[in-house]
Amino acid sequence: MIFTTFKRITRTGFVNFWRNGFLSFAAIVVITLSLSVFGGLVFGSAFARALLADVKDKVDINAYFTLNAPEADILALQKEVKAMTEVSKVEYISSEEVLAQFKEKWKDNTLIMQGLDEIEGNPFPAVLNIKAINPGQYGSIASFLEQKNPTTADGTPLIEKINYQQNKLIIDRLGRIIPAIEQSGSAIALVLALVAIIVVFNTIRIIIYTSRDEISVMKLVGASNIYVRGPLVVSGIMYGIVSGIITLILMAIFAYWSDAVLLRVAGVQVAADFELVVNILSRYFVQNFGQIFIMIMGAGVILGAVSSYIAVRRYLKV
Amino acid sequence: MIYYDKVTRVYPDKSVALENVSFGVEPKEFVTIVGHSGAGKTTLMKMLIAEDRPTTGSVFFESADISRLSKREVSKLRRRIGTVFQDYRLIPGKTVYENIAFAMEASGRTDAEIASDVPHVLELVDLGHKIWNFPKELSGGERQRVAIARAIVTQPDIILADEPTGNLDPTSTYEIIRILQKINDLGTTIILTTHNKGVVDTVKGRVLTMEKGRIARDDKDGKYVL
Chain A
1 MIFTTFKRIT
11 RTGFVNFWRN
21 GFLSFAAIVV
31 ITLSLSVFGG
41 LVFGSAFARA
51 LLADVKDKVD
61 INAYFTLNAP
71 EADILALQKE
81 VKAMTEVSKV
91 EYISSEEVLA
101 QFKEKWKDNT
111 LIMQGLDEIE
121 GNPFPAVLNI
131 KAINPGQYGS
141 IASFLEQKNP
151 TTADGTPLIE
161 KINYQQNKLI
171 IDRLGRIIPA
181 IEQSGSAIAL
191 VLALVAIIVV
201 FNTIRIIIYT
211 SRDEISVMKL
221 VGASNIYVRG
231 PLVVSGIMYG
241 IVSGIITLIL
251 MAIFAYWSDA
261 VLLRVAGVQV
271 AADFELVVNI
281 LSRYFVQNFG
291 QIFIMIMGAG
301 VILGAVSSYI
311 AVRRYLKV
Chain B
319 MIYYDKVTRV
329 YPDKSVALEN
339 VSFGVEPKEF
349 VTIVGHSGAG
359 KTTLMKMLIA
369 EDRPTTGSVF
379 FESADISRLS
389 KREVSKLRRR
399 IGTVFQDYRL
409 IPGKTVYENI
419 AFAMEASGRT
429 DAEIASDVPH
439 VLELVDLGHK
449 IWNFPKELSG
459 GERQRVAIAR
469 AIVTQPDIIL
479 ADEPTGNLDP
489 TSTYEIIRIL
499 QKINDLGTTI
509 ILTTHNKGVV
519 DTVKGRVLTM
529 EKGRIARDDK
539 DGKYVL
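Given below as structure tokens:
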């Protein structure tokens with residue numbers, strides 16, 4: 001009996017979905033728009049996170065060593081810094097590498113290259129490039145290095161200079177701005193999601209309002225609530241599924257299109273330099289497709305089903 | 319079988335639809351209720367299917383007080399009462415077949431029963447050829463015959479027919495009454511409301527005359543007196 005009821009409700013829901021073509025179309029348009037808002041939020045936060053990660057990655061501090069600091073001491077210090085919980089990455093760049101990088105960068109500028117030739121030997125110190133997990137943590141890393149003030153065996157300081165004080169302002173600001181962006185982003189997302197839900201609910205309410213007479217007739221011939229409500233919920237689920245599929249297709253199209261536009265606007269070379277800015281959305285879409293699929297389809301189905309379930313309630317009181 | 323016990327219905331605007339109405343209906347009776355518009359005929363009908371409730375007094379179906387039934391019991395009660403309305407109240411989005419099948423589905427009949435009974439009942443009201451049409455493709459008389467088919471297909475104990483001929487021409491009216499009489503002959507109780515003199519004279523059964531929410535006359539072999 002339960003199976004028969006289920007079968008009849010499902011069939012009626014499908015038939016209603018198909019026969020009320022215009023209403024179904026209207027519902028699908030509205031739900032697709034709302035799901036696109038969700039999709040936009042997903043993409044927006046992915047894009048913002050990629051950019052923020054990029055900015056965070058660009059923030060670092062450098063410890064410049066004295067010219068004659070022994071490499072073994074520097075490597076020992078590197079090990080020690082790397083063990084700190086705040087530190088995500090420590091890179092050692094020897095003075096030869098710094099020189100090579102400098103030459104590569106300025107090879108077309110004869111004036112600078114001539115100047116370099118006049119200086120005898122390598123004027124560049126070795127560097128430890130340190131990246132923190134969080135921009136707010138650079139202060140403590142810098143003060144750790146300053147307090148430790150490592151020395152060579154004969155007592156001369158190992159570190160010439162730490163560029164934290166120079167970068168302090170921008171690092172502090174980023175430390176404050178990034179959480180603010182993240183928080184206000186979530187607040188905006190919440191408001192948009194709420195608006196989308198209300199719009200879908202009202203659309204479905206209007207659709208069910210148009211069939212209120214039918215509902216009362218069904219009740220008067222003795223149909224139990226489940227026989228009246230069930231098909232409407234099934235139709236709601238159908239709206240959600242169709243809208244979800246359309247939204248996913250739109251998201252895929254948007255991801256690839258926006259990546260292409262971004263590349264064109266930024267220029268291929270620049271985009272390649274900032275490796276992260278290339279293909280952010282399409283890569284994100286492909287890598288997280290499972291999650292996005294469940295989120296969009298789930299939101300569509302739940303929105304459709306729950307809205308129908310709630311909206312029909314007042315017409316069942318016959 | 320049915321008993322109205324001192325039923326009064328006062329609407330929120332203080333207008334009185336029924337005032338201290340008491341009467342009973344026996345099984346297999348054919349009762350015609352006559353009266354002007356606003357005399358309270360429809361309110362009387364609505365109370366039997368729990369679409370409206372008395373302000374004071376009670377309506378009994380067998381031994382159950384209808385106004386005290388739970389939602390589930392109300393649905394069960396409605397499956398034992400076939401209802402025919404003046405405005406047909408067919409479901410516009412369903413075909414003739416589906417409209418009738420829906421009543422059977424609601425009362426828990428099997429698919430096999432539905433497949434055999436629906437065409438049968440449509441033959442009975444002479445609409446076998448319109449089985450796949452939608453209500454909007456039918457005439458008034460045809461729609462009302464579909465409504466009757468829907469009401470009788472579940473073999474209810476009672477048929478309530480509230481002004482079933484109100485919107486129909488004389489020929490269709492006569493057909494509808496003939497069908498109702500045939501159903502009554504087969505043992506189903508019928509309660510019919512009308513303000514059509516011809517209908518009352520054709521039926522020749524018990525006639526309740528209502529005036530301003532009260533029962534003015536109750537004649538065993540009634541005539542149309544207003």
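First to last, the sequence lines map onto chains A and B.
Take the first sequence: its position 205, counting from 1, is numbered 205 in this note's numbering, and each next residue is one higher.
Take the second sequence: its position 109, counting from 1, is numbered 427 in this note's numbering, and each next residue is one higher.
C-beta: ideal position from N, C-alpha, C; glycine also.
The structure presented is a predicted model; accordingly, all values stated were derived computationally and were not measured.
Cutoff 8 Å: residue i Cβ touching any chain A Cβ
{"i": "Asp536(B)", "result": "no"}
{"i": "Gly426(B)", "result": "yes"}
{"i": "Arg468(B)", "result": "yes"}
{"i": "Tyr415(B)", "result": "no"}
{"i": "Thr361(B)", "result": "no"}
{"i": "Arg461(B)", "result": "no"}
{"i": "Thr401(B)", "result": "yes"}
{"i": "Ser355(B)", "result": "no"}
{"i": "Arg407(B)", "result": "yes"}
Interface flag, residue i vs chain B, CB-CB below 8 Å
{"i": "Asn20(A)", "result": "yes"}
{"i": "Met295(A)", "result": "no"}
{"i": "Leu276(A)", "result": "Unreliable placement is indicated for Leu276(A), whose pLDDT of 48 sits below 50; no coordinate value is reported for it."}
8 Å contact criterion, which residue i and residue j should meet: CB distance rounded
{"i": "Asn122(A)", "j": "Ser95(A)", "result": "5 Å"}
{"i": "Tyr415(B)", "j": "Ile449(B)", "result": "5 Å"}
{"i": "Lys541(B)", "j": "Val517(B)", "result": "Actually they are not in contact, since the Cβ atoms of Lys541(B) and Val517(B) sit about 12 Å apart, beyond 8 Å."}
{"i": "Leu316(A)", "j": "Arg229(A)", "result": "7 Å"}
{"i": "Glu337(B)", "j": "Thr326(B)", "result": "6 Å"}
{"i": "Lys530(B)", "j": "Ala357(B)", "result": "6 Å"}
{"i": "Pro231(A)", "j": "Asn20(A)", "result": "Their Cβ separation, rounded to whole angstroms, is 11 Å, which puts Pro231(A) and Asn20(A) out of contact at 8 Å."}
{"i": "Val464(B)", "j": "Leu445(B)", "result": "6 Å"}
{"i": "Val191(A)", "j": "Val30(A)", "result": "Not quite, the Cβ-Cβ distance comes to about 18 Å (not below 8 Å), so this is no contact."}
{"i": "Val443(B)", "j": "Ala467(B)", "result": "5 Å"}
{"i": "Phe285(A)", "j": "Ala255(A)", "result": "4 Å"}
Chain B residues whose Cβ lies nearer than 7 Å to that of residue i
{"i": "Arg8(A)", "result": "Glu423"}
Cross-chain neighbours of residue i in chain A, by beta carbon under 9 Å
{"i": "Gly411(B)", "result": "Val15, Asn16, Arg19, Asn20, Ser211, Glu214"}
{"i": "Ser388(B)", "result": "What Ser388(B) touches in chain A: nothing, since even the nearest Cβ is about 12 Å away."}
Partners in chain B for residue i, counting only beta-carbon separations shorter than 8 Å
{"i": "Val318(A)", "result": "Glu369"}
{"i": "Met238(A)", "result": "Ordered by position in chain B, no residue passes the 8 Å Cβ test against Met238(A), which lies about 15 Å from the chain."}
Per-residue contacts from residue i into chain B (C-beta, under 9 Å)
{"i": "Met1(A)", "result": "Gly426"}
Neighbour list for residue i in chain A, Cβ cutoff strictly below 8 Å
{"i": "Ser434(B)", "result": "Correct list: empty, because the minimum Cβ distance to chain A is about 16 Å."}
{"i": "Arg396(B)", "result": "Lys219, Leu220, Val221, Gly222"}
Amino acids of chain A, ordered along the chain, whose beta-carbon sits closer than 7 Å to that of residue i
{"i": "Ser457(B)", "result": "Ordered by position in chain A, no residue passes the 7 Å Cβ test against Ser457(B), which lies about 20 Å from the chain."}
### Task
Residues of the stretch 364-386 of chain B with a CB closer than 7 Å to any CB of chain A: list them in chain order, please.
Ile367, Glu369
### Task
Check whether the stretch 78-90 of chain A touches the stretch 201-220 of chain A, counting contact only when three or more Cβ pairs, one atom from each stretch, lie closer than 8 Å.
no
### Query
Is it a yes or a no for the stretch 163-178 of chain A touching the stretch 137-150 of chain A, going by three-plus beta-carbon pairs under 8 Å?
yes
### Query
Of all the residues that make up the stretch 215-226 of chain A, which are near chain B by a beta-carbon distance shorter than 9 Å?
Ser216, Val217, Met218, Lys219, Leu220, Val221, Gly222, Ala223, Ser224, Asn225
### Task
Would you check if the stretch 303-311 of chain A and the stretch 228-243 of chain A touch, i.e. whether three or more CB-CB distances between them fall below 8 Å?
yes
### Query
Touching or not, the stretch 505-521 of chain B and the stretch 408-418 of chain B, by the rule of three or more beta carbon pairs under 8 Å?
no
### Message
For the pair the stretch 489-504 of chain B and the stretch 372-385 of chain B, tell me if three or more CB-CB distances fall below 8 Å.
### Response
no
### Message
Residues of the stretch 479-502 of chain B in Cβ contact with chain A at a cutoff of 7 Å, in chain order, please.
### Response
none
### Query
In the stretch 319-347 of chain B, which residues sit with their C-beta less than 9 Å from some C-beta in chain A, listed in chain order?
none
### Query
Can you list, in chain order, the residues of the stretch 516-530 of chain B whose Cβ is nearer than 9 Å to any Cβ on chain A?
none
### Message
I want to know whether the stretch 41-52 of chain A touches the stretch 117-134 of chain A - three or more CB-CB distances under 8 Å.
### Response
no
### Message
Assess contact between the stretch 52-62 of chain A and the stretch 281-296 of chain A, defined as three or more Cβ pairs (one per stretch) separated by less than 8 Å. Is contact present?
### Response
no
### Message
Quick check: the stretch 63-71 of chain A against the stretch 144-161 of chain A, are at least 3 beta-carbon pairs closer than 8 Å?
### Response
yes
### Message
Under 8 Å, with one C-beta from each stretch per pair, do the stretch 390-401 of chain B and the stretch 461-479 of chain B reach the 3-pair mark?
### Response
yes
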